[in-house]
Structures are given as C-alpha cells and as structure tokens.
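Counting along the sequence shown from 1, when you hit position 14 you're at 21 in my numbering, and nothing is skipped either side.
Take a look at the structure set out below.
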Amino acid sequence: MKLKRNNGRIFFRYFFATTAIAVLALVVQIAIIIGFLEIRTSKWEKGIFEEYSHSIAKALSVTATDSTMSQYIEIFRNLAEQNGRINGILIHEASGEVVQSFRFHSKDERRPARDREPQMKTVKVPMVVITPQMNSTDLESVQTNLVLPMTDYINFSQLTGIIFFKAEENQEMYIDVFTLSPSTFILTKDIFSGLDKIMLISFFLSLFVSATLAFFSSRRGSRYSNGLDAALKRIASNEPLGQLPKPYGKERISINNSIKKLSEVLERDRRSRKSWLQNISHDLKTPTASLKMLLEGMMDGVFTTDQTTLKAASMELETLIARIERISVFSDLENRTKDPKLEQFPAQTLIDTIKAFLGNASRQLEYTVQSTFLIGDFSSLALATTELISNAIKASNEKVLVNIADNHTIIIVNKGELPDQDHIMEIWERGDIGRNSKGNGLGISIIQQVMRIHHGQFTLVQNQGNVVASISWDIPNRNV
8 MKLKRNNGRI
18 FFRYFFATTA
28 IAVLALVVQI
38 AIIIGFLEIR
48 TSKWEKGIFE
58 EYSHSIAKAL
68 SVTATDSTMS
78 QYIEIFRNLA
88 EQNGRINGIL
98 IHEASGEVVQ
108 SFRFHSKDER
118 RPARDREPQM
128 KTVKVPMVVI
138 TPQMNSTDLE
148 SVQTNLVLPM
158 TDYINFSQLT
168 GIIFFKAEEN
178 QEMYIDVFTL
188 SPSTFILTKD
198 IFSGLDKIML
208 ISFFLSLFVS
218 ATLAFFSSRR
228 GSRYSNGLDA
238 ALKRIASNEP
248 LGQLPKPYGK
258 ERISINNSIK
268 KLSEVLERDR
278 RSRKSWLQNI
288 SHDLKTPTAS
298 LKMLLEGMMD
308 GVFTTDQTTL
318 KAASMELETL
328 IARIERISVF
338 SDLENRTKDP
348 KLEQFPAQTL
358 IDTIKAFLGN
368 ASRQLEYTVQ
378 STFLIGDFSS
388 LALATTELIS
398 NAIKASNEKV
408 LVNIADNHTI
418 IIVNKGELPD
428 QDHIMEIWER
438 GDIGRNSKGN
448 GLGISIIQQV
458 MRIHHGQFTL
468 VQNQGNVVAS
478 ISWDIPNRNV
C-alpha cells in the first residue's frame, strides 16, 4: 500500500511538472497579449487627450480674446462631443468647485451636486497648459502627479488627462478629460491592429521557452538515468559503486540512498560469504580428512580394524553429516518465501525439546516462564531457540537465563563479552573468535532466517557483563 502511494506521488509530481511547462507557455502568451493591449490602450488614451488638447488650442487661436468663460466652456463641450471618443469632461475651479460637467455616451448621467465638498486626491495623468491665442504646436504634455479636489461621486470612467486653461483677467479652470475603455467605441481597430503579429510572435516565443525547459529537464533526467544505469552495471559486475549522479528531488535522493545501501549490503554479503566459505571449507575438510586418514590407515595396516578405530571413523562421519545437514537447514530457510503456519503450543513443550537436544548441558539453564503458551511455527522457533542457547552455553560456564517473556518473545542472558567483530550479525559470519571453538558460523544465520519468515527481529547486545540475545516475532491479528 505504501509503495502504491509513493508511486502515485511520483506520477503526480512528474505529471504536474510536465503540465507546468504547458501552463507556462500559455501564461507567457497571455502576458504578452495583455501587455500588448495595455500598451496600445495607453497609447490610444494618450492620443485622445492630445487630439482634444490640440483641437482646443487651434480653436482658441481664432477665438476673440474678449470671449466670456461661458463661451469658452461651450467651445470645450463642442470639441469634446465632436471627438467621438471622449466620454465626458468635468470643468472645475482650482478650489474644486464644479463649474460644468458633460457626458456624451449615457443619457441618464446626473450632474454632480454643486454643494458637495470635494476630496483631495492624487492623480498621475498627462497635463497641458492652454491659453487663448496659443499656437497648438507649442503644446507640451507633461506626466504629472497632482493633488486635486476630486468629487468621488462623478461617474465618468477614466481620467485620461487634465487641461489647465488660463484666460485673461486671471480666469483659470481645470478641464478633466474622461474616456471609456477602448472596447466601448467602434473606432478602436488601432488598438487591435498588429495583434495577430503579436500573437504569432508570442506563440513562437512560448514554444521556444517550453522547448528550452523541456530540453534541460529531459537532459537532466536522461543524465540521471544514464548515471543510474552505469552504477547498477558496476554493482552487477562486482565493481565499486563509484559516484552516483546528482539527485534532484526527494524521490531521486531516496533512489540514490537505496542504491548505496544495496551496494553496501551486497559488498558486505560478498565479503562475509567469502569468509564463511573459507570457514565452512575448513569445517567440512576437517572431518573428511580425519575420516580419509582412518580409512587409509586401516587399508595400509597402520591402524587396526577394531571397534575403537571404527567408532572414531563413525564419529567423524557423523560430524560431517551433521554439518552438511545444518547447511541444508539454512538453505531451506533462506529459500522459504511463504509465511509459516502459526500454531499455539505450550511453553513447556519448547522447554522439553531444548532439554532433549542439549542433554546434560541443559542443567546450566534457568527458566522464567511469563507466558504458558507461545504462537508460531514450533519446529523453526525451537531450532532458533536451541541455537541461541547453545551459543550462550559455549560462551559461559555460568548459568544461562531463559526468559519466555510473552507468547512471541524469548530472551537469553549469559555472562560474558560479545566478540569484537563488526560483522557478527551478518549472514555467513561465525560468532566465535577463532577456529578452536566448535561451530560453522551458521547459528546466527539460522536464527536470522527464522525471524525473517516470522517477520520478527533478532537482537544481540552487550549489557554490562551480560550478553542479552532476544527473538521477537510478529503475530497477525487472526485466529490460530
């Protein structure tokens, strides 16, 4: 279940990464189009304001200098209405008092109330200064931040510019020019002119960005895959692991760590297997050589063919057979993949089996039974327990404590020190320090295999002057 969840996470991570490239391409296109429209809209609005400003300057250049303010306002209104793209104008004094307002594209627009107090607001718009008899070529639009008294209830759409009109006799007024969005008007083809070219350019630009990202992503992925392939080939050829490719992302870091652990385990197993083969070769060679020597001695007349000689030959043969049988037992356990058949059996039955196997050596044992029944595969658990106790008896001349802690845990404690070996818990490694002690290094390996098929664990620790060995296995929640 956990593996499926991890696979699902990996799939969605790469899926979203691939989708992100497509989304990025789309975002680039949209951003280019929006930016293009913003630029063209700004240019369009600026063009309206400049056109209106020039039309006022041109009209005033031929207007009598003694015109009244009402006549000037009429000129402003007529020119704004003729423009066709101006939504409205607001004429007010510097104090903010509204003189007049006009709207040209909405019949229900109300005029602002004159008794409303204006609010001071900061606006950033183009501004021109116009005076009567001024040449339109002298107009200069300046982008200015102005703090002006603005009436927030005026419903004109967008302020595109402010004209500061200064007549004679210190008559001054501000003309705020408003327009709707470009899409409101029919005459907006200049906004969208060239959009097809921009869309085409943005398409190829997005395609280039996506292809570039995909290229680097694919190259990084292929470089990582090739690096893993080379590393696995080195492992398969029993060569040093070497340098793994640099990982990107949690999944690849996890893969690299797993490969490192695999390489370490395989290398450790290779060394321990080689060591064990040397040991087992010696252990099998010893009784074989002794048996051969006795038989050749009897054939040559060196040894008499009597009961004593035959008994010695028989003992060497039994030793050889016993060691071969232990190798067979270990091989059978190592190749077992199915879960054991669990059964409930009395703890005393296990104790009796241990006593029968150990014979007189069982007198060295002291038992503590905290659970009268155990659950598991009796034969394999009895084998693992006797191996543990046998090792404890060999290592200590004092009492060995056997504690049946519960129905799935057995603890063995003996006086002594663990051998100073780094790989004592590895498969194939002998637990004894030298070859002067009996055994072929299979005891610990057999215990580990029994715990493997029981989904349990085997621990061997030093606790002050005691060696504590324990086996604990899993009991599924089912009837046994």
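No residue lacks a Cβ here, since even glycine has one placed at the ideal position from N, Cα and C.
Rounded to whole angstroms, the gap between the alpha carbons of Arg230 and Ala237 is 11 Å.
For the pair Asn85 and Phe111, the CB atoms are not nearer than the 8 Å cut-off. Between Arg343 and Ile460, the alpha-carbon positions lie close to 7 Å from each other. Distance check between Gly91 and each of Val184, Ile37, Ala101, Ala66 places Val184 closest, using alpha-carbon atoms only.
Sequence-distant Cβ neighbours of Ser209 in its own chain, meaning closer than 7 Å and more than five residues away, are Val35, Gln36, Ile39, Ile40.
The shortest CA-to-CA distance from Val474 to any of Thr70, Ile419, Glu405 is the one to Ile419. In this structure, Ile137 keeps its C-beta atom at 8 Å or more from the C-beta atom of Phe83.
The beta carbons of Asn414 and Leu381 sit about 5 Å from each other, so the pair counts as a contact at 8 Å. Excluding sequence positions up to five before and after Thr360, its CB lies within less than 8 Å of the CB of Ala389, Thr393, all in the same chain and listed in chain order. Between Ile170 and Ile63, the CB-CB gap stays under 8 Å.
Beta-bridge pairing by DSSP links Ser479 to Thr416, Gln464.
In the same chain as Pro353, and ignoring 5 residues on each side of it, the C-beta atoms closer than 7 Å to its own belong to Thr379, Phe380, in chain order. Between the alpha carbons of Gly423 and Val309 lies a distance of about 44 Å. Residue environment analysis places Tyr181 among the buried positions, since at least 16 neighbouring C-beta atoms fall within 10 angstroms of its C-beta. Straight-line spacing of the CA atoms in Leu408 and Met458 works out to 21 Å. Scanning Thr72, Leu166, Val216 for the CA closest to the CA of Ala29 turns up Val216. Taken through DSSP and simplified to helix, strand or coil, Asn367 comes out as helix. Cα atoms of Ser288 and Thr295: separation of roughly 10 Å, rounded to the nearest angstrom. Going by DSSP, Tyr79 is part of the alpha helix (DSSP H) stretching over 76-90.
If you look at Leu372, you'll find it in the beta strand (DSSP E) that goes 372-376. Taking 8 Å as the cut-off, the beta carbon of Met141 is found closer than this to the beta carbon of Ser68. Taken atom to atom, the span from the alpha-carbon of Thr75 to that of Ile46 is near 39 Å.
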